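In the numbering used here, each number is its position in the sequence shown, counted from 1, plus 5. What follows is a single structure, written as structure tokens, with notes after it.
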Amino acid sequence: MAITKIKLSIPAWTASVYIILSLILLPWAVYLGATLPTHHLSAHWDISWTGLDVALFITMLTTGILAYLKSHWVIISSSTVGSLLIVDAWFDTMSQRKTLQLHEAIILAIFIELPLAFISYFIAFKALRHNI
Numbered sequence: 006m007a008i009t010k011i012k013l014s015i016p017a018w019t020a021s022v023y024i025i026l027s028l029i030l031l032p033w034a035v036y037l038g039a040t041l042p043t044h045h046l047s048a049h050w051d052i053s054w055t056g057l058d059v060a061l062f063i064t065m066l067t068t069g070i071l072a073y074l075k076s077h078w079v080i081i082s083s084s085t086v087g088s089l090l091i092v093d094a095w096f097d098t099m100s101q102r103k104t105l106q107l108h109e110a111i112i113l114a115i116f117i118e119l120p121l122a123f124i125s126y127f128i129a130f131k132a133l134r135h136n137i
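What follows is the structure, encoded as structure tokens:
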């Protein structure tokens, strides 16, 4: 399947930002895989969180590459990034006890994960609107 190059109406910074964010996320996912307990509220706790962050890494990197290539597939990849970020924010906040970790999870959700999800959906919307 060829990646079709089209003129997209998305911000020029999109490719760089998503590629950089994916590269920042990769060591974080490795760190989580190495430091999270194997069992928490469920078995395979560490693998669950690491898997989610690896999925975010892959979709962010894909979104950056597809934005760089100006491919219409960026619609799907950026929508996926937005959805995964909302899931990450939800489970980060819902799985914490009422401690400092809960406050950190809420701050990360409000100031990083949810705004980036909104930006991801905006990118998908702009690209989709241009293709209609």
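We put the CB at the ideal spot given by N, CA and C, even for glycine. On a predicted model such as this, the values are computed, not experimentally measured, just so you know.
So, is W54 buried or exposed, given that buried needs 16 or more other C-beta atoms within 10 angstroms? Numbered from 1 along the sequence shown, position 49 holds the residue referred to as residue 54. If you draw a 10 Å sphere on the C-beta of W54, you find 16 or more other C-beta atoms in it, and that means buried.
Suppose contacts are defined by Cβ-Cβ distances below 7 Å. Is L89 in contact with A60 by that definition? Mapped onto the sequence shown, residue 89 falls at position 84. Mapped onto the sequence shown, residue 60 falls at position 55. Yes, Cβ-Cβ distance for L89 and A60 is below 7 Å.
Just verifying my parser: in three-state terms, what is the DSSP assignment at S53? Residue numbering aside, residue 53 sits at position 48 when the sequence shown is read from its first letter. Under the three-state reduction of DSSP, S53 is assigned to helix.
Helix, strand or coil: how does DSSP classify S82 here? Here residue 82 refers to the residue found at position 77 of the sequence shown. Residue state for S82 is assigned as helix, using DSSP reduced to three classes.
If I follow the unbroken alpha helix (DSSP H) through T104, where does it start and stop? Translated into the one-based positions of the sequence shown, residue 104 becomes position 99. No alpha helix (DSSP H) contains T104, which DSSP labels as neither H nor E.
DSSP state of A17 mapped onto helix, strand, coil: Taking the sequence shown and counting its residues from 1, the one referred to as residue 17 is at position 12. It is coil, neither helix nor strand.
For W33, which residues of its own chain have a beta-carbon under 8 Å away from its beta-carbon, when the five flanking residues on both sides are left out? Residue 33 sits at position 28 when you count from the first residue of the sequence shown. Only D58 meet the Cβ criterion.
If you draw a straight line from the C-alpha of Y23 to the C-alpha of S84, how long is it? Position 18 of the sequence shown, counted from the first residue, corresponds to residue 23. Position 79 of the sequence shown, counted from the first residue, corresponds to residue 84. Looking at the two C-alpha atoms, the distance is approximately 13 Å.
Out of A94, F130 and S100, which one is the CA nearest neighbour of I117? Against the sequence shown, residue 117 aligns to sequence position 112. Selected option, being the one with the closest Cα: A94.
Rounded to whole angstroms, how far is the Cβ of L113 from the Cβ of D97, which I believe are closer than 8 Å? Mapped onto the sequence shown, residue 113 falls at position 108. Mapped onto the sequence shown, residue 97 falls at position 92. Separation of the CB atoms of L113 and D97 is rounded to 7 Å, and the pair is thereby assigned contact status at 8 Å.
So A20 and Y73 are supposed to be a Cβ contact under 8 Å. How far apart are they, rounded? Locating residue 20 in the sequence shown gives position 15, where the first residue counts as 1. Locating residue 73 in the sequence shown gives position 68, where the first residue counts as 1. 4 Å between Cβ atoms; contact.
Does DSSP put S100 in a helix, a strand or coil? Translated into the one-based positions of the sequence shown, residue 100 becomes position 95. In the structure shown, S100 sits in coil (DSSP, three-state: anything other than H, G, I, E or B).
Determine the direct distance from the alpha carbon of V79 to that of L107, and round the result to whole angstroms. By 1-based counting over the sequence shown, the position of residue 107 is 102. By 1-based counting over the sequence shown, the position of residue 79 is 74. Taking the straight line from one Cα to the other gives about 33 Å.
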